[in-house]
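Colleague:
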Amino acid sequence: QRLLDGNVRDGETIRFFCNTDAPADWNSMKELAGTYPQAVPFYGVHPWFSKDLGPGWQESLTRYAEAHGCGIGEIGLDALKEPPLRRQKEVFVDQVELACRLRRPFVLHCVRAWGEVMGVLHQYREKLPVFMVHAFGSSRELMEELLGAGGYISFWLKDLERRPEKIRPLLQAVPEERLLLETDFPNCRYDETSDIYTSYTECVERLYAAAAQLRGVDKESLQRTVLNNGTVFTDTAASRER
């Protein structure tokens, strides 16, 4: 809320894609989006939080996801975290099915489980809405598969700064019309003592500076590209076809 207050104070017009992790987050996100129109809510269950879901969570998520101008996320699989992958996959599939049925865009999280994830995406390939691959840093071949399934490829600040040689060829290979960037704020903060709005704006500046340098383009044109690509995940996302 402090971050969004700062955005309003400075008269900015950017949008914030706001993911949720678990059912306990959904109502707060709904209230936040109702107060701040620049906040685009994504309702979902992150794989780390897929163990202790109470009965009826699917129905509850459906009610939230039926709202106009929202998405589903952050969803996916993480082989390095509990609960077991089998349980994570059950929850992931439920959410992919919901995204397909409601034509909602979704944010995809995957760590060391790409075979399982691609199996699900191929299973629903003819029905998939647009989706964003969070913090991509895998192979060129996998990136091509994800693009073929309709995905948008997003790179995050810490990878750009800490693994530039790994990320550079991927960032340069993504088609301009499928490229996204993300701060994953507050996970990009280096100075935990600084004001949250100042921290966020610094993260955005570092993000675009690093990405422009690695892709070999000027920062202003890159900002226009990402802003244009991001519109598919905003108000019209629910009805937009690939």
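Residue numbers for the sequence shown follow our numbering, beginning at 81 and rising by one. All residues carry an ideal CB built from backbone N, CA and C; glycine is no exception. For clarity, every value in this text was computed on a predicted model and none was experimentally measured.
Report the residue from P117, R220, T100, R243 whose alpha carbon sits nearest the alpha carbon of F129.
Modeller: Working through the sequence shown from its first residue, we reach residue 129 at position 49. The shortest C-alpha separation from F129 is found at T100.
Colleague: I'd like the span of the alpha helix (DSSP H) that includes V200, first residue to last.
Modeller: Along the sequence shown, one-based indexing puts residue 200 at 120. From DSSP, the alpha helix (DSSP H) with V200 extends over 194-203.
Colleague: Mapping the DSSP letters down to three states, classify E321 as helix, strand or coil.
Modeller: The residue given as residue 321 occupies position 241 in the sequence shown. Reliability of the predicted coordinates at E321 is poor, the pLDDT of 41 falling under 50, and no value is obtained from them.
Colleague: At what residue ranges does the stretch 153-191 contain a whole run of the beta strand (DSSP E), taking only runs of 3 or more?
Modeller: 186-191
Colleague: Should A193 and A215 be called a contact, given that it needs their Cβ atoms to be closer than 8 Å?
Modeller: Within the sequence shown, residue 193 is the residue found at index 113, counting from 1. Within the sequence shown, residue 215 is the residue found at index 135, counting from 1. Not a contact, by the Cβ cut-off of 8 Å.
Colleague: Helix, strand or coil: how does DSSP classify F96 here?
Modeller: Locating residue 96 in the sequence shown gives position 16, counting from the first residue. Three-state DSSP puts F96 in a strand.
Colleague: Secondary structure at L133, three-state DSSP: helix, strand or coil?
Modeller: Within the sequence shown, residue 133 is the residue found at index 53, counting from 1. Residue state, collapsed to three classes: coil.
Colleague: Using the Cα positions of Y204 and E177, report the straight-line distance between them to the nearest angstrom.
Modeller: Sequence index remark: in the sequence shown, residue 204 carries index 124 (1-based). Sequence index remark: in the sequence shown, residue 177 carries index 97 (1-based). Computed Cα separation, rounded: 8 Å.
Colleague: Tell me whether R258 is buried or exposed, calling it buried when 16 or more other Cβ atoms sit within 10 Å of its Cβ.
Modeller: Position 178 of the sequence shown, counted from the first residue, corresponds to residue 258. R258 is buried by the Cβ-count criterion.
Colleague: Nearest-angstrom Cα distance between A119 and G230?
Modeller: Reading the sequence shown from its first residue, position 39 is the one you call residue 119. Reading the sequence shown from its first residue, position 150 is the one you call residue 230. Looking at the two C-alpha atoms, the distance is approximately 24 Å.
Colleague: Which of the three DSSP states, helix, strand or coil, is assigned to F313?
Modeller: The sequence position of residue 313 within the sequence shown is 233, counting from 1. If DSSP states are grouped into helix, strand and coil, F313 belongs with the helices.
Colleague: Check S108 in the structure and name its three-state DSSP category.
Modeller: Here residue 108 refers to the residue found at position 28 when the sequence shown is read from its first residue. Three-state DSSP puts S108 in a helix.
Colleague: Alpha carbon to alpha carbon, how far is A147 from S319? Give it in angstroms, no decimals.
Modeller: Residue numbering aside, residue 319 sits at position 239 when the sequence shown is read from its first letter. Residue numbering aside, residue 147 sits at position 67 when the sequence shown is read from its first letter. Model confidence at S319 stands at a pLDDT of 41, short of 50, so the residue's coordinates are unreliable; what they give is reported in the following sentence. Cα to Cα, S319 sits roughly 12 Å from A147.
Colleague: Distance, Cα to Cα, K110 vs A289?
Modeller: If you number the sequence shown from 1, residue 110 lands on position 30. If you number the sequence shown from 1, residue 289 lands on position 209. Counting only the Cα atoms, A289 lies some 32 Å from K110.
Colleague: Do three or more CB pairs link the stretch 131-140 to the stretch 221-236 at distances below 8 Å?
Modeller: no
Colleague: Taking the beta carbon of N308 as the centre, do at least 16 other beta carbons fall within 10 Å, making it buried, or is it exposed?
Modeller: Residue numbering aside, residue 308 sits at position 228 when the sequence shown is read from its first letter. Exposed, since its Cβ has fewer than 16 Cβ neighbours within 10 Å.
Colleague: DSSP on A147, reduced to helix/strand/coil?
Modeller: If you number the sequence shown from 1, residue 147 lands on position 67. Residue state, collapsed to three classes: coil.
Colleague: Beta-carbon within less than 6 Å of N97's beta-carbon, same chain only, minus the 5 sequence neighbours each way: which residues are those?
Modeller: For the purposes of this step, residue 97 is taken as the residue at position 17 of the sequence shown. Before going on, a small fix: residue 97 reads as Phe here, not Asn. So the qualifying residues of the chain are V120.
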